[in-house]
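Asker:
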């Protein structure tokens with residue numbers, strides 16, 4: 172089969188490799204019908220993720236068709252149309268039983284293993300371990316182009332932003348960073364009744380998208396941002412500030428926007444420490460949350476997409492075929508300049 | 172009346188002042204039968220709290236007897252034995268209605284006003300605003316020596332440590348700092364079924380007290396602390412790490428102890444920023460909470476003291492009379508060296 | 172002033188009475204600009220509510236203008252435009268402090284006192300006790316015709332139906348009874364992300380309104396209703412079944428629709444016992460909730476009305492003036508036949 | 172092997188049957204080291220459970236040793252000491268993923284299958300399906316005589332009584348019925364900080380046990396019970412009333428004890444409908460919960476037993492060997508008269 176293989180920092184190739192096969196009775200093999208690229212794949216290519224080594228097939232998002240099932244698999248059969256989520260769950264460790272497979276102790280201490288600790292989804296076929304507890308059937312009324320964004324981007328914005336941030340009816344929410352994941356948070360705050368959603372970004376295309384995805388107000392990031400946002404509230408700030416970038420400045424911006432009693436929900440992947448003004452914040456009765464997606468919200472999101480309340484397909488701005496994989500990386504790697512959010516990659 | 176008056180950094184005196192009187196129809200005046208000193212009073216004397224100015228009567232904790240009530244007061248009558256909590260609540264602002272009077276917008280944007288924005292409780296009489304919504308009746312089976320610690324120390328350990336930390340049955344909890352507030356957290360974790368409570372401090376007297384207050388394990392703070400604590404768990408760390416000191420190192424210690432999915436509950440009052448290792452923490456699905464006490468747990472704590480499950484009186488290690496106020500400050504100001512936790516101060 | 176006075180079962184009159192005045196320093200007097208009629212007023216007129224005696228002014232819903240304030244009132248001034256909610260809260264009893272003023276122990280053991288234990292809102296003036304903790308300012312961008320339905324109907328559907336029912340994103344919700352309160356539940360389920368809302372009623376006008384208020388599916392009540400509803404789900408039933416009528420049959424219908432693990436939220440006022448099939452239900456891991464509205468969701472609902480997400484004005488189908496009070500009762504008393512939901516009654 | 176086989180109403184025998192073996196790759200076989208009898212087994216013998224047919228091996232509680240594992244089992248090996256809980260969970264259906272395997276759709280629409288839909292644990296060997304997601308390792312510091320009661324009785328009292336009842340710190344809890352499951356609720360209310368636990372039963376031995384298990388007050392059931400209980404509170408009733416019998420009268424007793432805003436948690440298995448006084452209850456803001464145990468609290472309970480906070484072994488009052496199975500049923504079948512709570516049955 173063909174797959175996108177990592178060959179060290181900066182090196183990748185769409186090349187021939189051995190077919191994915193059943194290795195354990197709890198595995199299935201899925202033929203990939205749609206995949207996409209995540210910001211994390213770019214980090215890997217920059218050499219930032221030491222656990223990814225030469226020869227690894229990249230990618231952790233797919234919609235596909237089951238071609239083969241292991242002897243212990245009960246929930247799936249060849250021909251089933253499935254969503255392969257970013258997170259694999261054994262279903263039996265303490266973390267999986269508590270609904271936090273992001274830290275599944277069985278599959279590696281972390282639930283994100285595709286394109287990281289095992290071969291991934293940017294390939295014609297992918298082996299899916301613990302299929303019964305990890306895969307999801309895709310309902311007939313949800314398209315591949317919708318479902319693919321439920322593998323990672325939408326659950327990340329929703330779980331790590333909206334759910335961890337504890338958005339509640341009537342809340343005012345600020346989202347710092349309107350890239351794919353920030354937009355996913357904007358798209359899903361309505362599920363918990365936010366009354367006002369404020370997007371902040373330095374890129375005008377993204378702010379336009381934010382309005383289209385449900386933001387009620389947008390601001391270009393700058394010196395006066397905090398003042399502008401506070402002026403929209405009663406002067407005390409927002410109920411929930413979601414950080415969706417991953418830099419110290421953006422996290423501090425989010426922290427500066429939150430009212431006493433509110434939540435700062437960090438989604439961004441950070442590479443360096445952040446100096447938090449605890450001397451000002453300790454008295455504010457705020458909480459700072461952070462974490463990896465669990466993808467356990469997928470059943471909820473599938474229902475909301477099926478019912479038309481979450482237009483997930485809006486995340487896909489560019490379409491490529493497998494043999495244009497390098498081009499797809501090029502566009503996504505420079506998303507802001509290319510007016511790109513997420514790319515859709517299909518066989519042919 | 173006599174009262175302890177602040178006269179600028181390092182200056183205080185137990186001196187004659189005008190009697191406290193009713194100023195608003197929602198006020199009552201309370202004769203102070205028992206008061207105590209808080210770490211915050213020491214901060215004020217060090218000049219760290221700019222809002223406290225020359226002439227202010229200090230103190231924000233009291234048990235006493237109502238001597239006079241304003242015309243609009245319905246819930247209290249002269250002779251009632253009452254607890255004056257650290258936090259004043261108007262009962263009508265959004266924060267009060269949500270149970271977060273720490274940020275009461277009516278009384279000053281902050282619910283802590285005694286000995287801060289208005290005259291305090293280290294006095295023979297104290298005026299209590301918004302008495303109906305702020306004061307608590309003390310049940311007959313709770314002594315003054317128990318109730319006084321429900322004015323601030325116990326609710327702080329319980330609300331900002333145990334409740335914000337979301338301790339749940341079976342949890343392992345680490346408490347960094349076993350001073351009065353850390354011990355309050357240790358004393359109240361049992362209300363939420365913690366299975367193991369680990370105290371960490373550099374002072375042996377406090378670690379002995381920690382065991383007496385319900386800790387199951389104690390460690391002297393040092394290089395190997397994190398390793399020692401992790402060895403007591405499955406290697407992943409504790410469910411809840413409570414910080415009860417207020418320094419960058421102690422917060423970082425707490426952060427280093429928490430397992431994926433856990434909570435770091437900061438109680439300490441911080442004076443400087445803290446550099447958080449977000450590059451390691453973002454992926455851990457943890458939350459960091461912080462804040463001022465609301466004292467809304469007082470009804471619960473009164474029931475638990477009355478039923479004998481919370482031996483609040485253990486917090487009081489030294490007793491003084493009003494005219495020994497300076498001596499009381501001397502002992503409490505050097506608590507560790509004096510084997511002191513909290514002091515009890517009464518009229519005669 | 173003029174007011175609608177109850178004179179025993181079946182007897183009422185719009186007549187001259189003494190003006191409402193300040194009696195306690197915590198009172199305000201409000202000039203009624205808009206009022207409405209509730210199903211409970213009809214129950215009173217039928218003689219079903221023994222506590223209401225001859226001479227009582229009816230009504231417990233109003234939007235108006237403050238004309239006079241008691242000496243202890245801090246939050247309101249003459250001229251303020253206010254919402255007078257169905258529930259009065261002292262703000263200091265245990266129930267009020269827990270956010271459950273429906274059982275305020277101070278005002279009567281029950282928070283509903285207007286038009287019940289004290290004179291009500293179907294009058295030119297009304298005395299409002301505990302004004303600081305009970306009244307709400309009406310924002311400029313919310314009209315009287317919207318705000319009036321936040322006094323009782325909308326909070327009842329939302330709190331006793333949607334909140335008690337614990338509607339969560341993705342849920343399927345059935346509402347049995349599409350009168351004013353059932354429609355209020357339908358209008359507000361979206362705040363918690365319901366994916367499907369099924370209305371059941373025997374009246375076609377109400378089912379049409381249900382679709383207009385946000386129901387995704389409607390069924391005429393009948394033999395096959397349960398089968399029809401179950402066929403819309405996976406055969407197991409709905410997540411939340413809301414009862415909004417108050418008869419044994421409608422509660423049993425609601426109970427028959429709920430899936431294992433779901434909630435039956437009873438809003439209806441019942442007059443007789445209900446025989447519950449516990450032999451079938453005990454194993455289903457369901458909960459049955461019931462209760463009086465607290466009206467504590469009013470701040471949230473005001474924000475949602477102001478932001479345009481809750482079109483509260485749709486509840487008002489007929490408009491009358493004070494001197495048409497009897498006519499208003501006539502139309503509302505036969506609401507289904509008159510294609511009426513709620514009536515709006517104003518001075519002139 | 173030997174096993175207790177059901178042969179129709181009133182008929183059972185400890186007889187030779189074919190050995191339990193691996194049938195699916197997700198199975199394990201467990202050698203039973205300790206089992207017990209549940210009230211449900213008595214119901215089956217009375218012919219009340221139609222799904223149990225001639226030839227079925229009874230029992231759904233065991234502690235044992237793994238003897239054989241299927242090819243897909245990852246978490247258990249021969250020799251492991253394990254707890255076989257009453258509930259089997261596939262780990263992948265919606266109910267299992269939500270932590271409600273009581274309604275596992277895969278194993279039968281109900282999670283209780285041992286001694287019901289498949290052969291049970293009152294045998295020398297038992298086949299355990301979905302072992303990875305259903306079995307629990309028993310820690311070295313928990314004895315068989317403790318662990319056996321975590322298979323059903325303790326989780327039932329805890330989950331269906333204490334957790335569903337939402338006991339919170341400071342609460343007063345009444346438990347109607349102090350048999351094994353009621354006592355399990357009493358034993359575990361402390362995990363959520365109940366301040367007062369009131370047991371009600373008609374049997375003096377059970378009331379004595381209730382005090383030993385942690386009740387603070389006991390009452391013999393009778394005419395004056397409700398008055399007695401209300402007199403212990405502020406006259407309004409208890410926060411949580413747990414029903415642990417299963418008759419209309421006991422459920423109505425529980426309902427009569429609960430204060431406004433409280434919860435009635437039904438644990439009892441009911442055989443007939445119950446006429447609920449909705450005309451009085453609708454206004455009380457109470458909830459009535461009910462259901463089958465999920466056994467998902469076992470990890471928490473194992474920690475609390477291991478730490479000494481839950482003396483689970485107290486549930487076992489009588490000990491038998493496998494060949495005394497009939498005698499064991501005799502004693503347990505007349506538990507009150509024999510001063511029995513639960514029996515412990517071991518091989519030899």
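Chains as they are written, first to last, in this note's numbering: chain A, 172 to 519; chain B, 172 to 519; chain C, 172 to 519; chain D, 172 to 519.
The beta carbon of each residue, even a glycine, is placed where N, CA and C say it ideally should be.
(1) Terminal residues of the continuous alpha helix (DSSP H) containing residue 503 (chain C)?
(2) How do the segment 235-243 of chain B and the segment 434-451 of chain B stand: do at least 3 beta-carbon pairs fall below 8 Å, yes or no?
(3) Would you tell me roughly how many angstroms separate the C-alpha atoms of residue 228 (chain A) and residue 287 (chain A), rounded to the nearest one?
(4) With C-beta atoms as the reference, is residue 409 (chain B) less than 8 Å away from residue 400 (chain B)?
(5) Give me the Cα-Cα distance between residue 268 (chain C) and residue 452 (chain B), rounded to the nearest whole angstrom.
(6) Below 8 Å on the Cβ atoms is my contact criterion, and I expect residue 402 (chain B) with residue 389 (chain B) to pass it. Report the Cβ-Cβ distance as a whole number of Å.
(7) Examine chain D for any beta-carbon lying closer than 8 Å to the beta-carbon of residue 431 (chain B), and answer yes or no.
(8) Measure the CB-CB distance between residue 513 (chain C) and residue 351 (chain C) and report whether it falls below 8 Å.
(9) Check the C-beta distance from residue 262 (chain C) over to residue 301 (chain C) and give it rounded, since I have them as a contact under 8 Å.
(10) Say whether the segment 329-347 of chain C touches the segment 359-369 of chain C, bearing in mind that this needs 3 or more beta-carbon pairs closer than 8 Å, one atom from each stretch.
(11) Give me the residue from D:231, D:367, D:394, D:465 with the minimum Cα distance to residue 344 (chain D).
(12) Throw me the rounded Cβ distance for the residue 316 (chain D) and residue 515 (chain D) pair, which I believe falls under 8 Å.
(13) Does chain D have any CB closer than 8 Å to the CB of residue 472 (chain C)?
(14) Over the uninterrupted beta strand (DSSP E) stretch that includes residue 431 (chain C), give me the two end residues.
(15) Just to check my reading of the structure: residue 176 (chain A) and residue 226 (chain A) have Cβ atoms closer than 8 Å, yes? What is that Cβ distance to the nearest angstrom?
(16) Could you have a look at residue 240 (chain C) and say whether DSSP puts it in helix, strand or coil?
(17) Residue 370 (chain B) and residue 333 (chain B) - do their beta-carbons sit closer together than 8 Å?
(18) Are there 16 or more other CB atoms within 10 angstroms of the CB of residue 458 (chain A), so buried, or fewer, so exposed?
(19) At 4 residues or longer, what runs of the alpha helix (DSSP H) sit wholly inside the segment 308-352 of chain B?
(20) Contact criterion: CB-CB distance below 8 Å. Does residue 269 (chain D) meet it with respect to chain B?
(21) Is it right to say residue 256 (chain B) is buried, meaning 16 or more other beta carbons lie within 10 angstroms of its own, or is it exposed?
(22) Whole angstroms is fine: what's the gap from residue 477 (chain D)'s alpha carbon to residue 312 (chain D)'s?
(23) Could you confirm whether any beta carbon from chain B is found closer than 8 Å to the beta carbon of residue 135 (chain A)?
(24) Interface residues of chain C around residue 243 (chain B) at Cβ under 8 Å?
(25) Quick check: is the beta carbon of residue 478 (chain C) nearer than 8 Å to any beta carbon in chain A?
(26) With a threshold of 8 Å between beta carbons, is residue 340 (chain C) in contact with chain A?
(27) Pick out whichever of C:211, C:197, C:330, C:293 has its Cα sitting closest to the Cα of residue 185 (chain C).
(28) Between the segment 363-374 of chain B and chain D, which residues of the former have a C-beta closer than 7 Å to a C-beta of the latter?
(29) Can you check whether the C-beta of residue 458 (chain A) is within less than 8 Å of a C-beta belonging to chain D?
(30) Suppose contacts are defined by Cβ-Cβ distances below 8 Å. Is residue 444 (chain D) in contact with residue 449 (chain C) by that definition?
(31) For a contact meaning CB atoms closer than 7 Å, what does residue 463 (chain B) contact in chain A?
(32) Taking residue 265 (chain B) as the query, report the chain C residues whose CB atoms sit under 7 Å from its CB, ordered along the chain.
(33) Can you pull the chain A neighbours of residue 475 (chain C), defined as C-beta to C-beta under 8 Å?
(34) With a 10 Å radius around its C-beta and 16 neighbouring C-beta atoms as the bar for buried, classify residue 508 (chain A) as buried or exposed.
(35) Does the separation of the CB atoms of residue 472 (chain D) and residue 325 (chain D) fall below 8 Å?
(36) Flag residue 486 (chain B) as yes if its beta-carbon sits less than 8 Å from any beta-carbon of chain A, otherwise no.
Answerer: Here's the rundown:
(1) 496-504
(2) no
(3) 8 Å
(4) yes
(5) 37 Å
(6) With 8 Å as the limit, residue 402 (chain B) and residue 389 (chain B) do not qualify as a contact, their Cβ atoms being about 14 Å apart.
(7) no
(8) yes
(9) 7 Å
(10) yes
(11) D:367
(12) 6 Å
(13) no
(14) 429-437
(15) 6 Å
(16) strand
(17) no
(18) buried
(19) 315-318
(20) no
(21) buried
(22) 6 Å
(23) For residue 135 (chain A) there is no data in the structure shown, the boundaries of chain A being 172 and 519.
(24) 195, 196, 197, 241, 242, 243
(25) yes
(26) yes
(27) C:293
(28) 363, 364, 366, 367
(29) no
(30) yes
(31) 454, 456
(32) 470
(33) 340, 341, 364, 366
(34) exposed
(35) yes
(36) no
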